[in-house]
Each structure stands twice: as structure tokens, then as C-alpha cells.
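Asker:
Residue numbers (the working numbering): 24 to 293.
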């Protein structure tokens with residue numbers, strides 16, 4: 024196996040030579056993403072060949088913010104130092120939760136590591152898109168994605184009297200008001216049930232509370248027994264709709280799908 028390594032290295036070098044080399048003025052930095060929310064954005068703003076791999080989370084259709092078809096376009100890594108090093112990227116995009124030892128090892132090997140956290144609203148998500156587009160030196164594609172998001176938001180904007188909605192997330196918790204999904208709810212014509220009752224990020228919403236003090240709309244994004252209890256069918260004056268958990272946590276192109284889904288739900292209770 025060891026004797027094959029030089030041959031493999033030559034083959035990889037030959038493949039790399041198909042595009043502009045790192046010394047070329049046309050060269051754009053290559054990226055390995057370990058951040059599942061950044062994966063979907065980079066897939067939109069990077070040029071072919073720039074995004075060398077995405078996180079393995081984006082290959083799971085139950086959790087990915089990317090479509091199965093988009094995720095299939097890219098290899099994935101488990102996030103190990105060895106996997107990343109083998110791909111030889113210019114930049115590693117990671118979550119702010121990256122293990123300190125992993126980050127230190129990557130940086131010690133000469134790789135640039137850039138971290139991105141969650142976004143609290145539409146504005147910060149758009150800023151993140153622009154940061155990632157700048158990272159791959161493709162501002163034009165970043166602005167194209169921003170324009171698509173802004174157009175979608177303008178199409179779903181609702182100025183009618185807000186409808187009170189409770190978003191029941193996995194684990195039976197509610198989102199905080201400083202969250203992307205809460206910003207989307209406000210923009211699509213909903214008022215926050217949890218905010219009106221003084222509930223904060225990750226507070227637990229019990230089945231008993233929903234039944235005794237129901238919202239106008241219950242958005243169910245979890246699968247706990249209480250969230251699927253048949254008693255919910257008997258609550259007068261409360262509409263109920265499923266909300267895909269994949270639309271809750273990530274920004275970028277996910278905003279468009281989440282906004283359209285919320286608009287559809289809002290229209291059914293108007």
C-alpha cells in the first residue's frame with residue numbers, strides 16, 4: 024500500500040492541474056465545509072470545483088438543509104483531521120462548536136479555519152451569505168442568492184392582523200424570539216404565542232398547556248408522544264400544521280423554503 028502512495032499523489036496532482044493553479048490570478052480558494060448550515064450556502068455561491076466536500080450531516084435527508092440532489096453533488100467527510108488534510112483545501116469552514124483540539128490540529132498543519140455560528144434573524148443570515156461568498160471570492164453569486172431570498176420574502180410578506188402561532192419544536196420546546204425562525208414567523212403574518220406568555224428560548228411547552236391555553240395555530244415540528252396526542256384533534260379554535268424541522272435551524276436558501284411553507288400555512292387560517 025505504501026508503494027502506491029507516490030503514484031496516487033501523482034494522479035491527484037494531474038487532476039489538480041486541470042484547473043488554474045494556486046499561483047494563477049484566476050485561482051479561487053477551495054473549501055471543505057464541516058458546518059451543515061454553511062454547506063447549503065456554499066453549494067450556491069461556490070464555483071464548480073471550489074467546494075471539495077460537505078459535512079456528513081448534509082447527506083442525511085432527515086436532517087439536511089440541502090436537497091438530496093444537491094447533497095449528492097459533493098463528497099462528504101466525518102470531520103476528521105485526516106479526511107480534511109487529504110482533500111488539501113485552502114479553507115476549512117466549521118461551526119463555532121468545532122472541537123478545540125481539531126481546530127488546533129488543522130491550523131498547525133497550515134490550514135485556515137473559519138467558523139460560523141447560528142443566525143438570529145434574516146439580516147444576520149444575509150450577512151453570513153455575503154461572508155461565505157467573499158470567502159470563496161464570488162460576491163456575484165452571493166448577491167444572486169441574497170436577491171432570491173429578498174424576492175421570496177417580499178412575496179410572503181403579510182400585513183394583515185397577525186395570527187398567534189406556537190412553534191412546537193423537537194423535545195417539546197419553543198424557539199427564542201432572537202432566532203431566525205421567529206423572524207420568519209413575524210414576517211409571514213404570525214404573532215408569537217410563547218413571547219406573549221413570557222416563555223424563553225428552549226422553554227418546555229406541555230401538552231396540558233396547549234390544551235388549556237391553545238394558540239390560534241400550532242406548528243408541530245417534533246414527534247414526541249404529546250405532540251401527536253389525539254386530544255389535540257379536540258381543541259376548539261386551534262388550527263394545526265406540521266412544520267419540517269429541516270426548516271428551523273439554517274439560513275441561506277433554507278429561508279426561501281421556510282418562508283413559503285409558513286405563507287401556505289398562514290393562508291389556510293386567514
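A virtual CB, placed ideally from N, CA and C, is assigned to each residue, including glycine.
1) So if DSSP puts residue 47 in a beta bridge, which residue, or which two residues, is it bridged to?
2) Any contact of the region 149-169 with the region 249-269, i.e. 3+ C-beta pairs under 8 Å?
3) Output needed for residue 86: all residues of its chain with C-beta closer than 7 Å, excluding positions within five of it in sequence on either side, in chain order.
4) Any chance you could list the alpha helix (DSSP H) runs of at least 4 consecutive residues sitting entirely within the region 55-128, in chain order?
5) With 16 as the cutoff for other CB atoms within 10 Å, does residue 56 come out buried or exposed?
6) Mind checking which residues open and close the alpha helix (DSSP H) that includes residue 220?
7) Locate the alpha helix (DSSP H) running through residue 263, then write down its first and last residues.
8) How is residue 187 classed by DSSP in three states: helix, strand or coil?
9) Which parts of the region 240-290 are runs of the beta strand (DSSP E), unbroken and 3 residues or longer, counting only runs that do not cross its ends?
10) Ordered along the chain, which non-local residues of its own chain (more than five positions away) have a Cβ less than 6 Å from that of residue 140?
11) Exposed or buried, which one is residue 250 when buried takes at least 16 other CB atoms within 10 Å?
12) List the DSSP bridge partners of residue 149.
Answerer: Quick look at the numbers:
1) Residue 47 is not bridged to any residue.
2) The count of Cβ pairs closer than 8 Å, one atom from the region 149-169 and one from the region 249-269, stays below three, leaving the stretches out of contact.
3) 80, 269
4) 59-68, 91-94, 104-110
5) buried
6) Careful: residue 220 lies outside any alpha helix (DSSP H) and carries neither H nor E.
7) No alpha helix (DSSP H) holds residue 263; the beta strand (DSSP E) holding it covers 262-265.
8) strand
9) 240-243, 262-265
10) Around residue 140, the same chain offers 119 as residues with beta carbons nearer than 6 Å, after the five sequence neighbours per side are excluded.
11) buried
12) For residue 149, which the question treats as bridged, DSSP gives no partner whatsoever.
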